[in-house]
Amino acid sequence: MMVEIYSGPLDVKEILSKWLDEIDGKNWGAFIPFVGIVREEDDIAALSFDIYEPILLKWFEEWQEKAKQRGAIVKMAHSLGDVPIFTSSYIAAVMSPKRRAALTLIDEFVEDFKANAPIWKYDIVDGKRVYAQSRSTPMIGAGLLSKKD
Amino acid sequence: MVKIEFLGPIGKETIELDAKNLSDVASELNKDKNISIWLEKSAVALNDTIVNSLDLPLKDGDRISILPPVCGG
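Which chain is which? The protein sequence lines are F and W, in order.
All residue numbers for the first sequence refer to this note's numbering, where the first residue is 2 and numbers rise by one.
All residue numbers for the second sequence refer to this note's numbering, where the first residue is 1118 and numbers rise by one.
#1: Excluding the 5 residues flanking residue 100(F) on each side, which residues of the same chain have their C-beta closer than 7 Å to its C-beta?
#2: Taking the straight line between their C-alpha atoms, what separation do you get for residue 1118(W) and residue 1135(W)?
#3: If you drop the 5 nearest sequence neighbours on each side, which residues of the same chain put their C-beta closer than 6 Å to that of residue 47(F)?
#4: Tell me, please, whether the CB atom of residue 144(F) is closer than 8 Å to any CB atom in chain W?
#5: Determine contact between the region 5 to 13 of chain F and the region 86 to 94 of chain F, defined as no fewer than three beta-carbon pairs at a distance below 8 Å.
#6: For residue 110(F) and chain W, any beta-carbon pair shorter than 8 Å?
#7: Is there contact here, the region 134 to 148 of chain F with the region 66 to 75 of chain F, by at least three beta-carbon pairs under 8 Å?
#8: Return the residue from the list 4(F), 105(F), 43(F) and 75(F) that minimises the CA-CA distance to residue 24(F).
#9: In terms of residue numbering, what span does the beta strand (DSSP E) encompassing residue 1146(W) cover?
#10: Going by the beta-carbon positions, is the gap between residue 1120(W) and residue 1183(W) smaller than 8 Å?
#11: To which residues does DSSP link residue 1180(W) through a beta bridge?
#12: Whole angstroms are fine: how far does the CA of residue 1156(W) sit from the CA of residue 1176(W)?
#13: Going along chain F in order, which residues have a C-beta closer than 8 Å to the C-beta of residue 1142(W)?
#14: Could you confirm whether any beta carbon from chain F is found closer than 8 Å to the beta carbon of residue 1171(W)?
#15: Let me check one thing: in DSSP terms, what residues is residue 87(F) bridge-paired to?
#16: Compare the C-beta of residue 1147(W) with all C-beta atoms of chain F and state if any pair is closer than 8 Å.
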C-alpha cells in the first residue's frame, strides 16, 4: 500500500470511507484517523505543498514496517499544490486489532511525519506563494554539507 | 559527473559537478552564498537515500538531493 497523493484538497469523507471498507469484517477494534484542516490565519487564502515522492515513499515504507511489527496498519493521504482554508491537506490513520497500540502509533506517526516527511509548505497570500520557513523543521542529519569552519 | 538537485523552496536548477565524495560537493557548493545559507539546515540524499557521512565515495551518474526544512500536513 502506497501513500495517496491528490492534487488539491482531500475528499475526507471518500478517503475515510474507502479506508474503513478495507478493515470491514476483520474484527479490528480500532480505526484512528487524524484529519488536518487548513486554518484561516495571517490572511492566507490557502496553503500549498511540494512533495519529493521517492523519499516520502521510503519514509512511509519504514512506518508500514514499524506498524506491522505492532500488528497495525498505517495509512496516509496528502495534497499536492494549493489547498484552500477550511479544507483538508493531510489524513493519517492507524488501524489495529487493539486500541492502545493504535493510539500510541498515531501520535508517533504524525509527529515523525511533521519532522521528517519530505514535504514543503507555502502560504498563499495576495496570490503569492511564500515558503513557510519559520514553521519548517530541518530533517534528521541536516547540515551535513555545511562548512564547519 | 554527479548531479545535484535542489528540492522544495531552494528554487535552483539541477547542476552537475566532478566530485569523488561528498566533501568535494560540500566545498564546491559552499562557494555560492545563495546555496550555502540553505546547506546548514538541509539534509542530503544520495540516490534517494538520506546520508550522514561526507566520506561516501561517489560514482559517475550519482544523484544528490538537497532537502531544506520540511513542514507537511
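All residues carry an ideal CB built from backbone N, CA and C; glycine is no exception.
The answer reads as follows:
#1: Around residue 100(F): 30 and 31.
#2: Here the alpha carbon of residue 1118(W) sits roughly 5 Å from the alpha carbon of residue 1135(W).
#3: Only 83, 84, 85 and 125 meet the Cβ criterion.
#4: Closer than 8 Å to the CB of residue 144(F) there is at least one CB belonging to chain W.
#5: Touching, per the Cβ criterion.
#6: Using a CB distance cut-off of 8 Å, residue 110(F) does not count as an interface residue toward chain W.
#7: Under the Cβ criterion (8 Å, minimum of three pairs), the region 134 to 148 of chain F does not count as touching the region 66 to 75 of chain F.
#8: For the residues 4(F), 105(F), 43(F) and 75(F), the minimum Cα distance to residue 24(F) belongs to 75(F).
#9: Where residue 1146(W) is concerned, there is no enclosing beta strand (DSSP E), although the alpha helix (DSSP H) around it starts and stops at 1139 to 1146.
#10: Judged by beta-carbon spacing, residue 1183(W) lies beyond the 8 Å limit of residue 1120(W), meaning their Cβ atoms are not closer than that value.
#11: In DSSP, residue 1180(W) forms a bridge with 1120(W).
#12: Here the alpha carbons of residue 1156(W) and residue 1176(W) stand approximately 22 Å from one another.
#13: Neighbourhood of residue 1142(W) in chain F, by CB distance below 8 Å: 146, in chain order.
#14: Residue 1171(W) counts as touching chain F.
#15: In the DSSP assignment, no residue is bridged to residue 87(F).
#16: For residue 1147(W), the answer is yes, since a Cβ of chain F falls inside 8 Å of its Cβ.
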